[in-house]
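A.B. asks: If you read the protein sequences in the order shown, they are chains P and W. Position 161 of the first sequence, counting from 1, maps to 156 under the numbering used here, and the rest follow consecutively. Position 37 of the second sequence, counting from 1, maps to 69 under the numbering used here, and the rest follow consecutively. Where a beta carbon is used, it is the ideal one built from N, C-alpha and C, also for glycine.
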Amino acid sequence: MSEDRRVLRVGELLLGLRELLEQEVGRVWVVGEISNLHRAASGHIYFSLKDEVGQVRAALFRGNAARLAFELEEGLLVVAQAEVSVYPRRGDLQIIVRRLEPRGQGALQLAFEQLRARLEAEGLFADAEKRRLPAVPRRVGVVTSPSGAAVRDVIHVAGLRFPSIPLLIAATRVQGTGVEEEIAAALERLQGVPGVDVILLVRGGGSLEDLQGFNTERVARAIRASRVPVVSGVGHEVDVSIADLAADARAATPSAAAALALPDRVALGGQLRGGRQRLMAATSRRVERLRLHLDHLGTALRGQAPAARLAERRDRLQTLRTALGRELAGELALAGARCEELRRRLAASAQLGLAGCNARLAAAAGRLEALSPLAVLGRGYAIARTEEGRIVRRATQVPIGASLEVRVAVGALAVQVVDRRD
Amino acid sequence: MGEPVEQGPKHSDANAAGEELPFESALARLEAIVDRLETGDLPLEEALAAFEEGVGLSRRCAGQLESAERRIEVLMESEDGPQSEPFVSPAGDESLED
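1. Which whole-angstrom value describes the C-beta separation of LEU69 of chain W and ALA82 of chain W, a residue pair presumed to lie in contact below a C-beta threshold of 8 Å?
2. Helix, strand or coil, according to DSSP, for LEU347 of chain P in the structure here?
3. What would DSSP say about LEU72 of chain P, mapped onto helix, strand or coil?
4. Are three or more beta carbon pairs between the stretch 2 to 17 of chain P and the stretch 80 to 97 of chain P nearer than 8 Å?
5. Answer with buried or exposed for ALA100 of chain W, where buried requires no fewer than 16 other C-beta atoms within 10 angstroms of its C-beta.
6. With a threshold of 16 other CB atoms inside 10 Å of the CB of THR172 of chain P, please say whether the residue is buried or exposed.
7. How would you list, in chain order, the residues of chain P whose beta-carbon sits under 8 Å from the beta-carbon of GLU78 of chain W?
8. Kindly indicate which three-state DSSP category GLY264 of chain P falls into: helix, strand or coil?
9. Whole angstroms are fine: how far does the CA of VAL401 of chain P sit from the CA of ASP414 of chain P?
10. Could you pull the start and end residues of the beta strand (DSSP E) that ASN442 of chain P belongs to?
11. DSSP puts ARG94 of chain P in a beta bridge; with which residues?
12. Of all Cβ atoms in chain P, is any one closer than 8 Å to the Cβ of GLU101 of chain W?
13. Could you give the distance in angstroms between the alpha-carbon of VAL26 of chain P and the alpha-carbon of PRO224 of chain P?
14. Does the separation of the CB atoms of VAL214 of chain P and GLU175 of chain P fall below 8 Å?
15. If I follow the unbroken alpha helix (DSSP H) through ASP148 of chain P, where does it start and stop?
16. For a cutoff of 8 Å on Cβ pairs, would you count SER80 of chain P as touching chain W?
17. Determine, for SER159 of chain P, whether the minimum Cβ-Cβ distance to residues of chain W falls below 8 Å.
18. I want to see whether chain W comes within less than 8 Å of PRO394 of chain P, judged by CB atoms only; does it?
19. Please decide whether GLY86 of chain W counts as near chain P, where near means a Cβ-Cβ distance under 8 Å.
20. By DSSP's criteria, ALA379 of chain P is part of a beta bridge. Which residues make up the other side?
21. Who are the neighbours of GLY406 of chain P on chain W, taking C-beta pairs under 8 Å?
22. Suppose you measure from the CA of GLU307 of chain P to the CA of GLU335 of chain P; what does that come to, to the nearest Å?
23. Tell me, please, whether the stretch 129 to 142 of chain P touches the stretch 240 to 247 of chain P by the rule of three or more beta-carbon pairs shorter than 8 Å.
24. Does the beta carbon of SER116 of chain W sit closer than 8 Å to a beta carbon anywhere in chain P?
25. Tell me whether the stretch 28 to 43 of chain P and the stretch 99 to 116 of chain P touch, counting them as touching only if at least three CB pairs, one residue from each stretch, are closer than 8 Å.
26. Indicate the three-state DSSP secondary structure (helix, strand or coil) for SER57 of chain W in the structure shown.
27. Does the beta-carbon distance from PHE107 of chain P to ILE237 of chain P come in below 8 Å?
28. Is GLN346 of chain P buried or exposed, if buried means 16 or more other CB atoms sit within 10 Å of its CB?
29. How would you call ARG133 of chain P, buried or exposed, if buried means at least 16 neighbouring beta carbons within 10 angstroms?
30. I think SER121 of chain W touches MET108 of chain W, with their Cβ atoms under 8 Å apart; what is that distance to the nearest whole Å?
31. Between ILE164 of chain P and PRO54 of chain W, what straight-line distance do the alpha-carbon atoms span, to the nearest angstrom?
32. Which same chain residues end up closer than 6 Å to ALA397 of chain P when comparing Cβ atoms and leaving out the 5 residues on each side of it in sequence?
33. Whose C-beta lies closer than 7 Å to the C-beta of GLY21 of chain P among residues of the same chain, with five residues either side of it excluded?
34. Taking ILE178 of chain P as part of the alpha helix (DSSP H), name the residues at either end of that continuous run.
35. For ASP(-1) of chain P, collect the residues of the same chain with a Cβ closer than 8 Å to its Cβ; drop the 5 residues on either side in sequence, then sort them by chain order.
36. What number of angstroms, rounded off, separates the C-alpha of GLY124 of chain W from the C-alpha of VAL74 of chain P?
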């Protein structure tokens, strides 16, 4: 007895199965863990999705693979949208993956964490790499959108803190596809500008998608390559971006970033005033010390000056004259009294004549004359004076060759010193 | 790995806006002059020269602090290299001075 059998060739079986699957099952969503991950040179990615029961082979072709926001890793739990099929050559069941998402967190979030871990391992975020911000920058570079709240906030805060520090804006888009290239280019453009001592990298708040440009490797490396410190102020969220981690300093908002970079001129003004006061105080103390010293010298000097010598001489002369006057009056008075007495005695005795009185008077006058300084000259003494009018008392006072005026009893002589005996 | 740490403007740098000593350098120089006057026993000539320089620095710094003149520019890329031109806020009816 023969049974009627429908005999298929292998190829027919496989292709039939494939057609059946594609028509009856079609597109499904499958969740599973990635294993046996293999990236072919062609750019296609092959792996298995597995759970505790079993596994199914999966293929992610180049075009779809390129659109992945995150990296595939062994053990990663994912959800795949795929078409179920049969790979005839090996007779394998396989799913052709169109879309792939991480299970349990967003693709962007996962991508962020993967990038963060990788760059951190490289040392890009190390504290030792962070540069100190300048105390008073000469110019501040700002990488941001020229429209939008961030640039206005920065300008406002800069105006409050230190308006005369110039701001130089390197304009860029801050969201959208390919924006990381523009941000990096803006940072690079500021590198060549002299006087830019610090750069602000700022943008306003937004979703994780909006902020994506600031979560890229390109921007992180551009920040580290900057010649001057970079302060980031990305978004208004508490969460940090890759740019925040790479920057030399980070702020919660664009306004806070501006406040970090620009000093408060009121505080600086206080510091300046303090310095100025110390300058004045120190200088006036110094000058006062010198002035006292000068006064002492001046007093001592004034005693030696020619005009002082002359005045001194004049004073002594006057004293002399006064004394002489007294003497003269005294002598005369004495002579007069004696004369009176003698006249009285004359009245009593006629022997003494007026001649006696006259003689006594003459004698007194003669003694007076002898006391006069001019009489000194008459006795043969001379008064020598230097060109400045100083009276010479000591030979050492005048150098050889000096001109002197010599006053004698009558007249004066202009002489020159030829020799000196000390 | 990584760049050497940058310390800020060198005192001999001229700033793009002019030949003036940068504010930070001027303030540091003033402090140094005051220290010298306070501790050193400078001869009169040097003391007065230091004082004059100190006063000049103090005035220049005060001028920069007091200046309310803003300079906000946009850096453009051009054939001759980077150029800057004044920044104009795109939102016409919004004032920059809040």
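C.D. replies: So, to answer that:
1. The C-beta distance from LEU69 of chain W to ALA82 of chain W rounds to 6 Å, short enough to meet the 8 Å contact threshold.
2. Any reading at LEU347 of chain P must be qualified, since the residue scores a pLDDT of 47, below 50, and its modelled position is unreliable; the value itself is stated next. LEU347 of chain P: coil per DSSP, three-state reduction.
3. Strand.
4. By the Cβ test, the stretch 2 to 17 of chain P is in contact with the stretch 80 to 97 of chain P, since at least three Cβ pairs between them sit closer than 8 Å.
5. Looking at its Cβ environment, which holds fewer than 16 other Cβ atoms inside 10 Å, ALA100 of chain W is exposed.
6. Per the 10 Å Cβ criterion, exposed.
7. Taking a Cβ-Cβ threshold of 8 Å, none of the residues of chain P is close to GLU78 of chain W; the smallest such distance is about 10 Å.
8. It is helical.
9. ASP414 of chain P and VAL401 of chain P have their C-alpha atoms some 16 Å from each other.
10. Because chain P spans -4 through 417 in this model, residue 442 of chain P falls outside it and cannot be assessed.
11. P:GLN76, per the DSSP bridge assignment.
12. For GLU101 of chain W, the answer is yes, since a Cβ of chain P falls inside 8 Å of its Cβ.
13. One C-alpha to the other measures close to 45 Å.
14. VAL214 of chain P is a Cβ neighbour of GLU175 of chain P, given a cutoff of 8 Å.
15. In this chain, the alpha helix (DSSP H) harbouring ASP148 of chain P covers 144 to 156.
16. With 8 Å as the cut-off, SER80 of chain P does not count as an interface residue toward chain W.
17. Cβ-Cβ to chain W under 8 Å: yes for SER159 of chain P.
18. False, the Cβ-Cβ gap to chain W never drops below 8 Å.
19. Output row for GLY86 of chain W: interface = yes.
20. When beta bridges are read from the DSSP output, ALA379 of chain P appears opposite P:VAL401.
21. None at all; the shortest Cβ gap to chain W is about 50 Å.
22. Distance between the alpha carbons of GLU307 of chain P and GLU335 of chain P: 41 Å.
23. Verdict: no, contact absent.
24. The C-beta of SER116 of chain W comes closer than 8 Å to at least one C-beta of chain P.
25. Cβ pair count under 8 Å is below three, so no.
26. Residue state for SER57 of chain W is assigned as helix, using DSSP reduced to three classes.
27. In contact: PHE107 of chain P and ILE237 of chain P (Cβ atoms closer than 8 Å).
28. Low confidence applies here, because GLN346 of chain P scores a pLDDT of 48, under 50, leaving its location unreliable; read the following figure in that light. By the 10 Å Cβ count, GLN346 of chain P comes out exposed.
29. ARG133 of chain P comes out buried.
30. Not a contact, Cβ separation roughly 17 Å.
31. The alpha-carbon separation between ILE164 of chain P and PRO54 of chain W amounts to approximately 21 Å.
32. Setting aside the 5 residues that flank it on each side, ALA397 of chain P is surrounded in the same chain by VAL412, each with a C-beta closer than 6 Å to its C-beta; the list follows chain order.
33. So the list reads GLU78, once near-sequence residues are dropped.
34. 174 to 186 is the span of the alpha helix (DSSP H), which, as asked, contains ILE178 of chain P.
35. Excluding residues within five positions, none has a Cβ falling inside 8 Å.
36. Residue confidence for GLY124 of chain W is low, a pLDDT of 45 falling below 50, so the modelled location carries little weight; the figure read from the coordinates is stated next. For the pair GLY124 of chain W and VAL74 of chain P, the Cα-to-Cα distance works out to about 49 Å.
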